[in-house]
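Heads up: the structure comes next, in structure tokens.
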Amino acid sequence: MDAAKLKTQRARGRPSLTEVDIVAGRARIAGVAEALFRMEGYAAVSMRRLAQEAGCAPMTLYAYFASKADILRQIWAQFFVELFGELNRKAARVSGPRKRLLLISKRYVRYWLDHPDRYRMVFMTEGVSQADVGKFIGAGSVISHFAIFAETLHAAGIKAASLKLMSESLICALNGIAHNHVTISEHEWESAERLAETVVHAILALPGSLRGRK
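Quick note on this note's numbering: the sequence shown kicks off at 25 and runs consecutively.
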């Protein structure tokens, strides 16, 4: 977001936008873009087309977002805020790290199954470069969201030396469960929750020598 640019433009004959206005404008544009990307595909939607649907000039979009990829990253960020907001709220009401780990693992998968279009937009959008993904991850907020898995694993007894390995193994497994349920839905998979529970139990049941590197 280039707030200074927006305020400078508004200063030339129009009232300046407040930070609240800017946040609201970005959210509105992202909402329009999400619907367009879902219906027509990310690669097929131009900034000019998006501006038309949003009811503004193309240059106005560039005042709010640096690029179309920047808009997509905003959409992804909103999904993760919603998802991990739910996980943190539910985890706070459960006593015992093992129960919390089971809950957040099952709810993580369930979120994507309840919103398959969002799963596809985050993990399967065509025309997105690795640089775009890297910029999103490098922003830091996504990594901080996923820290709930490492923190809960540690509380459940996984040694600090193995947290990265075990938390990433769990996340990869959960994403795999979601991916197969979303993309190969005709197959009669075991329930996503049961699969997630099996993965969690398997990690927690590993011998200490595997869970904690010496």
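The beta carbon of each residue, even a glycine, is placed where N, CA and C say it ideally should be.
Nearest-angstrom Cα distance between Gln76 and Gly164?
32 Å
Do Ala180 and Leu219 have their C-beta atoms closer together than 8 Å?
no
Within the same chain, show all residues whose beta-carbon is closer than 8 Å to that of Lys114, passing over the 5 residues directly before and after it, in chain order.
Leu127, Ile128 and Arg131
Measure the beta-carbon distance from Leu228 to Ile172 and round it to whole angstroms, keeping in mind my assumption that it falls under 8 Å.
Actually they are not in contact, since the Cβ atoms of Leu228 and Ile172 sit about 16 Å apart, beyond 8 Å.
Nearest to Arg52 by alpha carbon, out of Met63, Arg73, Glu175 and Leu85?
Leu85
May I ask you to report which of helix, strand or coil DSSP gives Val105?
helix
Mind checking which residues open and close the alpha helix (DSSP H) that includes Trp136?
Pro121 to Asp138
Let me check understanding here. Comparing Cα to Cα, which of Lys92, Tyr135 and Ser91 lies closest to Leu107?
Tyr135
Quick test of your reading: Ser191 and Leu177, contact by CB under 8 Å. State the CB separation rounded to the nearest angstrom.
6 Å
Whole-angstrom Cβ separation of Val133 and Ala202, contact assumed at under 8 Å?
5 Å
With respect to the alpha helix (DSSP H) encompassing Met83, which residues constitute its N-terminal and C-terminal limits?
Pro82 to Tyr88
Whether Ile99 touches Met148 by CB criterion (8 Å):
no
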